[in-house]
Amino acid sequence: MSAFIDLSGTAGLPIPSELEESAAEILHRGSNVNDALQRVHAKWSLLAGAYSAPEQAQVQGAMDRPRDAGEAVLQAASHAATALRNFAAAVEGIRRKRLELQAQAVLLLEKENNDLAPAAALPAGNLPLSLPAFLLQSNADQLALELSAAEDECMRSLARLQRSADAPEQRGL
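Position in the sequence shown counted from 1, then plus 1392, gives you this note's numbering.
Okay, here's the thing in structure tokens:
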């Protein structure tokens, strides 16, 4: 019997704390952009009462754009940060489960090494997985699927942001 469990589907996991730090940095920078654009709008608003021209309504309406853009940047940064935080949480759960699987595989290997009689009758290299090893491998495969699903969800969330960011250009804004 062989307790070799293939965990390559979850090898090289991203570091959740780095994902969290990236999410915080995105949110911080989005907030800075929003604050700057809100200040631009506030300064213009101080002048709006003194500005008088035939195109006054158009100019004042155009000056709402920085405020709206700042809010949009902050909202996009918030969504991106949430996507990264959700991914970090999923990765942390997968990492814990992977460590548990590794520990279980070591215990199973020790147990199977102590019971050499069935394996001695088989040619080298043709050792089938025992039922416990098969179940551990199934769990390892499931973890790889969970990681793939978490990656896909994060990418879908970020792609939705890209599509919504492109939408104003398509509307001519």
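Where is the CB? At the ideal position from N, CA and C, for every residue including glycine.
Please read these numbers as outputs of a predicted model, since none were measured by experiment.
Under 9 Å between C-beta atoms of Gln-1452 and Ala-1461: no
Supposed close pair Ala-1557, Ala-1473 - CB separation, criterion 8 Å: Going by Cβ atoms, the distance from Ala-1557 to Ala-1473 rounds to 15 Å, so no, they are not a contact pair.
Continuous alpha helix (DSSP H) stretch holding Ser-1437: start and end: 1408 to 1440
Pick from Asn-1478, Leu-1528, Leu-1438 and Arg-1431 that is closest to Leu-1550, judged by C-alpha positions: Asn-1478
CA-to-CA distance, Arg-1487 to Leu-1569, given in whole angstroms: Outside the displayed span of the chain (1393 to 1565) sits residue 1569, for which this structure offers no information.
Own chain, CB closer than 8 Å to Arg-1563, minus 5 neighbours either side, in chain order: In this predicted model, Arg-1563 has a pLDDT of only 43, less than 50, meaning its place in the structure is not dependable; the value taken from the coordinates is given anyway. Cβ neighbours of Arg-1563 beyond the five flanking positions: none.
Boundaries (first-last residue) of the alpha helix (DSSP H) holding Pro-1458: 1456 to 1506
Which of helix, strand or coil DSSP assigns to Leu-1565: Confidence in Leu-1565 is poor, its pLDDT being 44 and thus under 50, which makes the residue's placement unreliable; the coordinate value appears in the next sentence. Shown here, Leu-1565 sits in coil according to DSSP, grouped into three states, outside any helix or strand.
Touch test, the stretch 1396 to 1403 against the stretch 1431 to 1446, Cβ-Cβ under 8 Å, three pairs minimum: no
Coil, strand or helix - Leu-1537 by DSSP: helix
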